[in-house]
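Shown next, in C-alpha cells, is the structure this report addresses.
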Amino acid sequence: MAFISSGYNPSKPMEDRITDIGPRSFEDFYPPVIKKNKGKWDYHEILKPGVLVHVAESGDKVFTVRCGTCRLMSVSLLREACEIADKYCGGHLRFTTRNNIEFMVTDEKTMEAMIADLESRKHAGGSFKFPIGGTGAGISNIIHTQGWVHCHTPATDASGPVKCVMDEMFEYFQSMKLPAMLRISLACCLNMCGAVHCSDIGIVGIHRKPPIVETEIIDNICEVPLAVAACPTGAIKPTKVEVEGKKVNSVIVNPERCMYCGNCYTMCPAMPLASGQGDGIVLMVGGKVSNRISMPMFSKVVVAYIPNEPPRWPTLTKTIKHIVEVYAKEAKKYERLGEWAERIGWEKFFEVCGLEFSHHCIDDFRDPAYYTWRQSSQFKFTSHVE
Amino acid sequence: MAKHKTPLLDELEKGPWPSFVSDIKLEAEKRAKNDAGLDFQIPQDCPDDLLGVLELAYKDKETHWKHGGIVGVFGYGGGVIGRYCDQPEKFPGVAHFHTVRVNQPAGKYYNTEYLRGVMDIWDLRGSGLTNMHGSTGDIVLLGTTTPQLEEIFHELTHNLNTDLGGSGSNLRTPADCLGQSRCEFACYDTQAICHALTNDYQDELHRPAFPYKFKFKFDGCPNGCVASIARSDFSVIGTWKDDIRIDQDRVKAYVAGEFKPNAGAHSGRDWGKFDIVAEVVNRCPTKCMSYEDGKLSIDTSNCTRCMHCLNVMPAALKIGLETGATILCGAKAPILDGAQMASMLVPFIPVEEPYDEIKEVIENIWDWWMEEGKNRERLGETMKRQGFQKLLEVTNTKAIPQHVKAPRANPYIFFKEDEVPGGWKHDEKGYRERHMR
C-alpha cells in the first residue's frame, strides 16, 4: 500500500483549507417533478404497501417506492441503489427519516418495471436487498444504533437484534393490517440515541452490575469530579485508596445506589461495566411523537430484562411478536399502541399480553416517580389480584 | 475464502430482511478481488476484521471497542468519532475504526453522481461501510484510520463541496422532514430553513462552545416525521392559524368510497365501510367537528390542529393558509435527569427567510444557556433547574396558558420583590408595635 495524497499538505495544514461550507443544497438533488411541484401538492394515496403516489395541483404525479435497508450499508450496495436510480429515476433517490430508500418515478409503467427489478434482487444468503414496504398501518424500519459494530458503551448489539426482529415482523413491513402505524426502535444503552423513549416498541440495552473501579489508573485517565457528577443517583464519591503502599485518588461506588446506567463509564474509561452474563434488554412500549388525537407519549418499561441471546435473540423476537399480535387484535382503528394501553389500563395490558409484571416496572427515580403510582381506587380486577 | 470463521453471524444471513452480514461479506470479497485496482489506503481486509471482531462480541456478549478516542481535523473540534479495537493484534484491519460524520443535504435527496463521489472517496480511504444515515441525520462513514482523516476532509471539501457534520458539545447536524418537497401537509419549507440555519451556525456546529450538545430539528406539521419534539433541544413544528380548508365535494367522495380513508393506510384489513362520524368526527380530540346533512364543519376556535382529520381525508381537508410554526424546547434522552419531550415555548411564529424571528429565539436561548448551563447539562435540564419562567424571561416571551398542560398544584410560588407592595423590607419596629411578643 502506497500513500496517496489528496493534495493536503501536512507540513502546512492550514494552507488551502476549506471550512464552514456546510452541506450541499437540497436543491441540487431534486427530481424535476419535485422541483416543479414543491409546495403545490394536492393529496396523496398509498397504492399498495411501499408504494405512494402524490398528486400535484398541476395534475402531475410522482410515484414513490419505499424499500427497507439495514442502515449499515456497503458502498457496493449503495452503488447498486444508484444503478437502479439511474435506470428508472433519472439518477435521483432519497432516504427517509427511518433509513429506508425511496425511488421516485413519474409513470406507472416505469414504476412496475422498477418494482419487479427491486423484488428480484437478493443477497446470496437469500435476504432481500431492497424489500418494498414500510407504508401506512404497518411496521416500518427500526431506528437503531451502533451496538457492538462501533460503540464502546453498549449493553447489547444493534444490527443483529434489528435483523432478527424485522425477519419476525417482515409480513407487517409488507402489509398494512395493523390498527395504526407501529414504530419500533432500538438503542444499545441508556443513552438512548435515536427514538426508543418515544416509540410504540422500544428495545434498550441495559446492564445489571455496578462498574469495576480500576483504582491503579483512574486518577491518571479520568477527571474524577466528572465521574462523580455523572451519576444520576449519587452513588459515586471520591476517595483515597492505597495501591502498592502509595495513596492514590480514586472513587467508591455504592452498589446499593447504582442502577448500572453506565454514565460514569462514558466519562471515565477506568469504570467499565459491560458483562456478558449481566447485560441484556429492557422492553418499552407505548411511546409516540405525533400529535395525532393524543399528545406525544413516552414509552414505558413492560419487560425489565430479556437476556442477550446472540445471534438470533429468540426471547426478544417472540415477546415483540406476541405484543404486536395482541395489539393488532384488540386495538381500535387509528389507535396507537400507547393509546390502546392507556384506554384499557396498564393492568389489562399486562394481562392480555401475558407479560409478567415485576417490581422493576414501578418507577422509583426521584420525585416524579410518585406521579406514576395509582392515586385512585379505580382499577380493574385481573389475574394479578389474588 | 473469508478471513475469519463467523458461525454466529452466518445465522444472520437467513430470513427475508436485508442482511447486514451478507452485505459486509460482499464488500469484503469485493475488496479482496479489487477489480478496480485501487491502492487501498486502509487495510484491504478491514470489513473481514470487522466481522471477526463482531463474531467475538457475539461470543462474549460484550463490545470489543476501547473507550472513547479523540481524533479530528484541524480547524474543527468535532465531526469524527474516534474508535480503536481492544484486540488489535487479532484484528489489525480495525485497530483504527474511526467514524466520519458528513453533513447530509436537507431532506436526504441525492443524485447518483454525488453519492458515487462520496463512495469513491470512501472506497479508497475507508472501510467501504456506511450508515445511511445516523440518527441525527449525518451520512456516517464507518471505519478509517487517523492518517486518512485530513485526506478525506480535503477531498470532501475540495471535490464535493461538502462539510463534516457535528459531534461533541456543540450544535449537532440539523435535520428535517421532507417538507413541501413531497407532502401536502407541510406548513413551511423545512428544507430551506434547515439548510439556512445549518449554514448560519457553522461555527457553532464545528467548534464546541456549549455546555453540552444542542440539536435542531424541523417538522413541517404536527405529525412529526423527523420526531423533533422528542429528539431535538430546539424543535420547530409547522402549524396554521386560520380555518382548515374543506372541499365538501371531496368529503362526499370519501363518504361514497371514491377516496380511501387515510390514503389507504389500512387497506390490508377489512375495517368496514368508511364511517366519517365514527372515524373522524368522534375521534377528534376536542370534539369540534360535526357532520350534518352531508356537510362537514369545523369550529376552528376549538381545533388543536392534531392532524387526525387531515390524515384521514388528505384530499378533502387542507391545512390553513396562515401558516407558521410552533417552537418547543428541551427534548432529551434520560441521562441524567430523566427523558424529556420538548415543551412549548412559542405558540406561533412566522417562518420566512431570513428567519430573523426564529434566530432571535435561538440566540437568546444560547446566550442564557451558554452562561448558566452546567457542564454536560442539556437545555431541558437547565430549564428544569432554573424554571420555565427563566426561559420565558430570556426569550422575552410573555407567559400564557398555552405554556402549561395544567397550572401548578403546589402553592410554593416565587414572587419578584417589585411585584410586592413595599418590597421585602419589613418594618420590624412597626410589626412589634402592632403585635406584642
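Chains A and B supply the protein sequences, listed in that same order.
Okay, so the first sequence: first residue is 8 according to our numbering, each after it adds one.
Okay, so the second sequence: first residue is 136 according to our numbering, each after it adds one.
Ideal Cβ placement from N, Cα and C applies to all residues, glycine included.
Looking at C-beta atoms only, is the number of pairs between the stretch 154-167 of chain B and the stretch 67-83 of chain A that lie closer than 8 angstroms three or more?
-> yes
In angstroms, rounded to a whole number, what distance separates the CA positions of VAL415 of chain B and GLU346 of chain A?
-> 16 angstroms
Give the single residue among A:PRO239, A:TYR341, A:GLN385 whose Cα lies nearest to the Cα of LYS355 of chain A.
-> Comparing Cα-Cα distances from LYS355 of chain A to each of A:PRO239, A:TYR341, A:GLN385, the minimum goes to A:GLN385.
Going along the chain, which residues of the stretch 41-57 of chain A sit with their C-beta nearer than 9 angstroms to a C-beta in chain B?
-> ILE41, LYS42, ASN44, LYS45, GLY46, LYS47, TRP48, ASP49, TYR50, HIS51, GLU52, ILE53, LEU54, LYS55, PRO56
What residue ranges within the stretch 361-426 of chain B form continuous alpha helix (DSSP H) runs of no fewer than 4 residues, ordered along the chain?
-> 363-366, 383-390, 411-414
Does the stretch 462-477 of chain B come close enough to the stretch 300-319 of chain B to have 3 or more Cβ pairs within less than 8 angstroms?
-> no
Can you tell me the Cα-Cα spacing of LEU284 of chain B and CYS444 of chain B, whole angstroms?
-> 50 angstroms
Counting Cβ pairs, one atom from each stretch, are 3 or more of them under 8 angstroms apart for the stretch 61-71 of chain A and the stretch 458-467 of chain B?
-> no
Starting from TYR245 of chain B and walking both ways along the beta strand (DSSP E), at which residues does that stretch end?
-> Looking at the DSSP string, the run of the beta strand (DSSP E) that includes TYR245 of chain B is 244-246.
Along chain A, which residues have their Cβ under 7 angstroms away from the Cβ of PHE155 of chain B?
-> Ordered by position in chain A, the residues that pass the 7 angstroms Cβ test against PHE155 of chain B are CYS77, LEU79, SER166, LYS170.
Going by alpha carbons, who is nearest to THR435 of chain B out of B:SER270, B:SER402, B:GLU427, B:LYS422?
-> B:LYS422
Residues bridged to ASP354 of chain B [DSSP beta-bridge criterion] = B:ILE372
For ASN531 of chain B, is the classification buried or exposed, using 16 other Cβ atoms within 10 angstroms of its Cβ as the cut-off for buried?
-> exposed
Does the Cβ-Cβ distance between MET442 of chain B and ASN315 of chain A come in under 8 angstroms?
-> no
In whole angstroms, what is the alpha-carbon distance linking GLN537 of chain B and THR461 of chain B?
-> 11 angstroms
With distances taken Cα to Cα, identify the nearest neighbour of ARG543 of chain B among B:GLY522, B:ALA413, B:PRO309, B:ALA192.
-> B:GLY522
Could one say the Cβ of GLN337 of chain B lies closer than 8 angstroms to chain A's Cβ atoms, at least one of them?
-> yes
Taking all protein chains shown into account, do 16 or more other C-beta atoms lie within 10 angstroms of the C-beta of THR198 of chain B, making it buried, or fewer, making it exposed?
-> buried
Looking at the C-beta of GLN537 of chain B, does it have a partner C-beta in chain A at a distance below 8 angstroms?
-> No, no contact with chain A.
Range of the contiguous alpha helix (DSSP H) that encloses HIS214 of chain A = Segment: none, HIS214 of chain A is in no alpha helix (DSSP H) and carries neither H nor E.
Check whether ARG319 of chain A and GLU146 of chain B have beta carbons under 8 angstroms apart | Yes, Cβ-Cβ distance for ARG319 of chain A and GLU146 of chain B is below 8 angstroms.
Cβ pair HIS151 of chain A, LEU193 of chain A closer than 8 angstroms | Taking 8 angstroms as the Cβ cut-off, HIS151 of chain A and LEU193 of chain A qualify as a contacting pair.
Rounded straight-line distance, which links the Cα of CYS220 of chain B to that of CYS181 of chain B | When rounded, the distance between both Cα atoms is 12 angstroms.
List the endpoints of the continuous beta strand (DSSP E) containing ILE177 of chain B.
-> Per DSSP, ILE177 of chain B belongs to no beta strand (DSSP E) and is neither H nor E.
For ILE313 of chain A, which beta-bridge partners are listed by DSSP?
-> Looking at the DSSP output, ILE313 of chain A shares a beta bridge with A:ILE288.
CA nearest to the CA of TYR15 of chain A, picked from B:GLY278, B:GLY272, B:ASP273, B:GLU290 | B:GLU290
Relative to the C-alpha of VAL371 of chain B, which residue among B:ASP378, B:GLY392, B:ILE216, B:ASP324 is closest?
-> B:ASP324
First through last residue of the alpha helix (DSSP H) which encompasses TRP504 of chain B | 491-507
Identify the continuous beta strand (DSSP E) that holds ILE274 of chain B and give its terminal residues.
-> 274-277
Cα separation between ARG251 of chain B and ASP370 of chain A?
-> Taking the straight line joining both Cα atoms gives about 50 angstroms.
Please confirm if ALA344 of chain B has its CB atom under 8 angstroms from at least one CB of chain A.
-> no
Kindly identify the DSSP beta-bridge partner or partners of LYS111 of chain A.
-> According to the sequence as given, residue 111 of chain A is Met; it is not Lys. Paired residue(s): A:THR71.
Limits of the unbroken beta strand (DSSP E) element including CYS195 of chain A | Careful: CYS195 of chain A lies outside any beta strand (DSSP E) and carries neither H nor E.
Along chain A, which residues have their Cβ under 9 angstroms away from the Cβ of ASP384 of chain B?
-> The contacting residues do not exist; ASP384 of chain B stays about 13 angstroms from chain A at best.
ALA63 of chain A: first and last residue of the uninterrupted alpha helix (DSSP H) it sits in | From DSSP, ALA63 of chain A is part of no alpha helix (DSSP H) but of the beta strand (DSSP E) over 58-63.
Between which two residues does the beta strand (DSSP E) harbouring ALA234 of chain A extend?
-> Judged by DSSP secondary structure, ALA234 of chain A falls outside any beta strand (DSSP E) and instead within the alpha helix (DSSP H) spanning 231-236.
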